[in-house]
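Number 23 in the numbering used here belongs to position 12 of the first sequence; there are no gaps in the numbering. Before any comments, here is the structure.
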Amino acid sequence: MPEERPYDYRAVERAWQERWERDGIYVARDDDPRPKYYVLEMLPYPSGDLHVGHAKNYTLGDAVARIHRMRGYNVVHPMGWDAFGLPAENAAIQRGIDPETWTLENIRNMQRQVRLMGTSYDWTRELATSLPDYYRWNQWFFVRMFERGLAYKREAPVNWCPVDRTVLANEQVENGKCWRCGAAVERRNLAQWFLKITDYVERLLRGLDRLDGWPERIKTMQRNWIGKSEGVTFSLDVENVEAQIEVFTTRIDTVFGMTFVAVAPEHPVVAKILERMPKSRKRVEEFADSLKSKSELERTQLMEKTGVPTGAYAINPLSRERVPIWVTNYVLAEYGTGAVMGVPAHDERDFDFAKKHALPIAQVITTPDGTLRAPLEAAYVENGKLIASGEYIGMKSANARRAIAARLEAMGRGKTTVSYRIRDWLVSRQRYWGTPIPMVYCEHDGIVPVPDEQLPVLLPKGVKFTGQGSPLANDPSFSNTTCPRCGGAAIRDPDTMDTFVDSSWYFARYLDPKNTEKPFDHAKASRWMPVDQYIGGAEHAVLHLLYARFWTMFMVDSGMLSGDDEPFTRLFNQGLLIYNGEKMSKSKGNVVGIDETVDRFGVDAMRLFLLKAAPPEDTLDWTDEGIIGRVRFVQRVWRAAEPLTGVARTVPLDRLPELRGDAQRELVRALHVALDSGKSETETRRFHYNVTTAKLDELVNQLTAALREPGAADDPAVRYAVHALPIVLAPFAPHLADELWSRMGYERSVHLERWIDPDPAALAVGEITLVVQVNGKVRARIQTPPGIAEDDAFALAMREPTVLAQIDGKQVRKRIFVADKLLNIVAA
RNA sequence: CGGCGAGUGGUGAAAUUGGCAACCACGCCCGCCUCAGAAGCGGGUGCGCGAAAGCGUUUGUCGGUUCAAGUCCGACCUCGCCGACCA
12 MPEERPYDYR AVERAWQERW ERDGIYVARD DDPRPKYYVL EMLPYPSGDL HVGHAKNYTL
72 GDAVARIHRM RGYNVVHPMG WDAFGLPAEN AAIQRGIDPE TWTLENIRNM QRQVRLMGTS
132 YDWTRELATS LPDYYRWNQW FFVRMFERGL AYKREAPVNW CPVDRTVLAN EQVENGKCWR
192 CGAAVERRNL AQWFLKITDY VERLLRGLDR LDGWPERIKT MQRNWIGKSE GVTFSLDVEN
252 VEAQIEVFTT RIDTVFGMTF VAVAPEHPVV AKILERMPKS RKRVEEFADS LKSKSELERT
312 QLMEKTGVPT GAYAINPLSR ERVPIWVTNY VLAEYGTGAV MGVPAHDERD FDFAKKHALP
372 IAQVITTPDG TLRAPLEAAY VENGKLIASG EYIGMKSANA RRAIAARLEA MGRGKTTVSY
432 RIRDWLVSRQ RYWGTPIPMV YCEHDGIVPV PDEQLPVLLP KGVKFTGQGS PLANDPSFSN
492 TTCPRCGGAA IRDPDTMDTF VDSSWYFARY LDPKNTEKPF DHAKASRWMP VDQYIGGAEH
552 AVLHLLYARF WTMFMVDSGM LSGDDEPFTR LFNQGLLIYN GEKMSKSKGN VVGIDETVDR
612 FGVDAMRLFL LKAAPPEDTL DWTDEGIIGR VRFVQRVWRA AEPLTGVART VPLDRLPELR
672 GDAQRELVRA LHVALDSGKS ETETRRFHYN VTTAKLDELV NQLTAALREP GAADDPAVRY
732 AVHALPIVLA PFAPHLADEL WSRMGYERSV HLERWIDPDP AALAVGEITL VVQVNGKVRA
792 RIQTPPGIAE DDAFALAMRE PTVLAQIDGK QVRKRIFVAD KLLNIVAA
């Protein structure tokens, strides 16, 4: 028995991390002729400490990066920090810590922890978005967008979060609540900066059709968010009032069923009506005021549909009927035209509203068979056949839509239009810890961008955080400046940019992170872009992933970048990591830290567990028991392979070894099965390394069994398997792999070796198990060499007692033979 | 309310095109080794009947297609995620 030398993961793992860093083996070169592969995990916010939930994400990305490197790609795998944001500023308000200090300390700690996980990042490309080196280019981009009319300032009703004390983009309001703190969002009219993402809607939609490597779910969410709908906009005259109301509808075929018109309280026509209808003024204004005091959440989610009549009537241009105009709470001023035709019979909302206010319900669509007739129990919203619709009676909905649209157009009253739900991206934030908006306001010249040579506009240091008002607006040394155009007194924009600006182009900055002349060099970025594999959670489906697509289109349009205007060719959504039934997070207090986990079990064991426990897209339950199995695996590999490291190299890897018997064949086969699994899980982009690690278990089980045989150390198959073991382990247990490899006498890291291509000869099996079924049920298994003929198989099957017992007294009606798999005998 | 996804042993899970359900691991049981075992090695483990051979049965429920269904089709149930007054 050889002396027990347990594997000291603590010492080994640390030593290899230091050596990889010293040798720079993960540094990607721009001039490397091999095909490029850009793999990226969404950049983290430096919140303080990493936990094993982060490790799940980075371990997968790292395995993908490592296996691609070994399969002959020039891999770039960078890491950085999404360093601006509210938590830093809240720490400043609550604990008096400077946001920059807080952030940089967190980054330092997390850098250490990311290295501790043995990840193969190219640290020469590291960036932090809160550094002036980075955010000056946010400002530069902003000015470029301003020049092209894509950044503009306007007063508009915006979402205001009273807790975070800032405005929010529409994308950052979830169910009427702030995406970050959950507070009910309020409506305010404020002058704010917007980026004109709506100019790109059609491209953002069309681009999705090409993104075959994206989950369908994410694409659907983006399509729904963009919310394209095609319909008709037409105008109605208002009786006795010098005004028209424009309404947008996707169901112009139901226009004869209009029994009222509903408008938002903010709609301009309301004021005009009230001039002529003074009796309604009190009622309408009280109603509007009652809505104003409500948050957006209450107004849209919790309140039932209600409204008041304005006293005015609109004329249906087709039926010439007069219908009352109501001010309601359920029509949104910001969508469509802020007014809708009320068709209770064929729209659920209108139906509810009509029921509540006793408005007539006029059915104009029936089922294709014509059986559906009033009174309706509920709105009939399907397409169907028109009734009670003048000359259009009997038409199908789709045809009627075309005919009525054409008629309205001929009357000069309407046209087909396309409406989108997406709004321009509101980027101003009334907070300190972000990129200052590089604009100044001059009495003489108005809004003036800061010239490029004066960028960056630096965040002032030593600012006081009171939690009241914008820190930049309160700081005269920041606010007061001179106009770049006339030299007169001017004030700076007091706001900072949404931090989603930072993450909208960082993937391009990684490709030229030290550039001081421009955001990045055209050739360098174009060489590596787009990202081949992007990895991250699904929570950014309509935030970061939409903004980054928009930004990339802008970069391509402005000539900064060549090639695809989609930044991420493939997107992989990692599943959550759950602990004690909840998502692991600091705020929930259910965090399993990286430091303690690595210390207790070792990095390789942790990585192997995170990969093995479930497919990467699945939710993973963290348990301490599961990882014990991987600790055992690491030790088992060590005990099996380490004693043979001195002799393993005597059997080369560039061809199969001589195989003396079935046991040898099975061992070599297990190795090639594992190689094959790693290859195919990577090529199919399933990344189900949980399967590949199971094959590694089988390989090591085979090896352990082989080593029990006398003379195993001299067996070429055993030596070959041990020699190849570090290669197949490398992407998953990189430290263990390199330690074994170096003990075999190699100077160069195993991570610079080529993955061995699985050999069909090694994968072939000596004997197959032919399943014999009678009437679809397994009755026997026959061991036979592959390629057995049907008749021979049948003859063998008819010698099996268990088969004969089933056929006894019956006639064989049919035989189904699947070569090398199965013989099904149908008997009756 | 709508969209999408998922339901397989005690647990995490596996299963090219429909072709042996449950690889691998955790847990549990038995044995070996041991002063000792939260170490290591070996064996067993879906459920039911049986000493065994074997027989029956099993992928949320019900039905269908097929020689053959976890996989395809239809209806339903449950859970999860996401979106929800968008005209």
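Built from N, CA and C at the ideal position, the CB exists for glycine as well. All of these numbers come straight from a predicted model, not from anything done at the bench.
Taking the beta strand (DSSP E) that Val86 falls in, what are its first and last residues? Asn85 to Val87
Name the residue from Thr492, Gln817 and Ser596 whose alpha carbon lies nearest to the alpha carbon of Asp60. Ser596
Around the C-beta of Ile376, are 16 or more other C-beta atoms found within 10 angstroms, so that it is buried, or is it exposed? buried
Residues of its chain near Pro13, where Cβ-Cβ distance is below 6 angstroms and the 5 sequence neighbours each way are ignored: Model confidence at Pro13 stands at a pLDDT of 37, short of 50, so the residue's coordinates are unreliable and nothing is read from them.
Which residue marks the beginning of the beta strand (DSSP E) containing Lys207, and which one marks its end? From DSSP, Lys207 is part of no beta strand (DSSP E); its letter is neither H nor E.
From the DSSP output, which residues share a beta bridge with Gln544? Val50
Please indicate yes or no: does the CB of Gly395 lie closer than 6 angstroms to some heavy atom of the ligand NAD? Looking for the ligand NAD in the displayed structure turns up nothing, as the structure carries no ligands at all.
Tell me Gly353's beta-bridge partners as DSSP assigns them. Phe271
Expressed to the nearest angstrom, what Euclidean distance is found between the alpha-carbon atoms of Pro462 and Pro495? 7 angstroms
Just mark Gln822 as buried or exposed, buried being the case when its beta carbon has 16 or more other beta carbons within 10 Å. exposed
To the nearest angstrom, how far is it from the Cα of Ser598 to the Cα of Arg228? 28 angstroms
Checking 7 angstroms against the spacing of the C-beta atoms, do Thr114 and Pro57 come in under that value? yes
Ala830 to Glu801 span [Cα, whole Å]: 8 angstroms
Three-state secondary structure (DSSP) of His278: coil
DSSP has Asp632 in a bridge; who is on the other side? Ile589
Cβ pair count under 8 angstroms reaching 3, the segment 34-46 against the segment 676-695: no
Burial state of Asn170 (16 or more Cβ within 10 Å): buried
Could you spell out the range, first to last residue, of the alpha helix (DSSP H) harbouring Ser688? Asp673 to Glu694
On the DSSP bridge assignment, give the partners of Arg176 in chain order. The partner list for Arg176 (beta bridge, DSSP) is empty, contrary to what the question assumes.
Out of Ser141, Asn491 and Gln122, which has the shortest C-alpha to C-alpha gap to Gly96? Ser141
Could you give the distance in angstroms between the alpha-carbon of Val252 and the alpha-carbon of Gly322? 11 angstroms
How many Å lie between Pro279 and Phe157 at the Cα? 30 angstroms
With burial defined as no fewer than 16 other Cβ atoms inside 10 Å of the residue's Cβ, what is the status of Pro467: buried or exposed? buried
Determine the extent of the alpha helix (DSSP H) in which Met450 is found, giving its start and end residues. Taken as a continuous stretch (DSSP letters only), Met450 belongs to no alpha helix (DSSP H), being part of the beta strand (DSSP E) at Met450 to Cys453.
Measure the C-alpha to C-alpha separation of Ile755 and Thr656 and round it to an integer number of angstroms. It should be pointed out that residue 755 corresponds to Met in this sequence rather than to Ile. Spanning the two alpha carbons is a distance of roughly 5 angstroms.
Report back the beta-carbon spacing between Gly268 and Ala373 to the nearest angstrom; my notes put them in contact at under 8 angstroms. 5 angstroms
Kindly indicate the opening and closing residues of the alpha helix (DSSP H) around Ser537. His533 to Trp539
Exposure label - Tyr132; buried when at least 16 CB within 10 Å: buried
Assign Ala791 to one of three DSSP states: helix, strand, or coil. strand
Is it true that the CB of Ala681 sits closer than 7 angstroms to the CB of Glu720? no
Could you give the DSSP three-state label for Trp337: helix, strand or coil? strand
Just how far apart, CA to CA, sit Thr446 and Arg618? 36 angstroms
CA-to-CA distance, Gly425 to Gly242, given in whole angstroms: 10 angstroms
What does DSSP give as the partner residue(s) for Ser579 in the beta ladder? Sequence inspection shows Phe at residue 579; the Ser mentioned does not correspond to that position. Answer is Val542, bridged to Phe579.
Using the Cβ count rule (16 or more neighbours within 10 Å means buried), how would you classify Glu166? exposed
Hey, how far is the Cα of Lys594 from the Cα of Arg21? 29 angstroms
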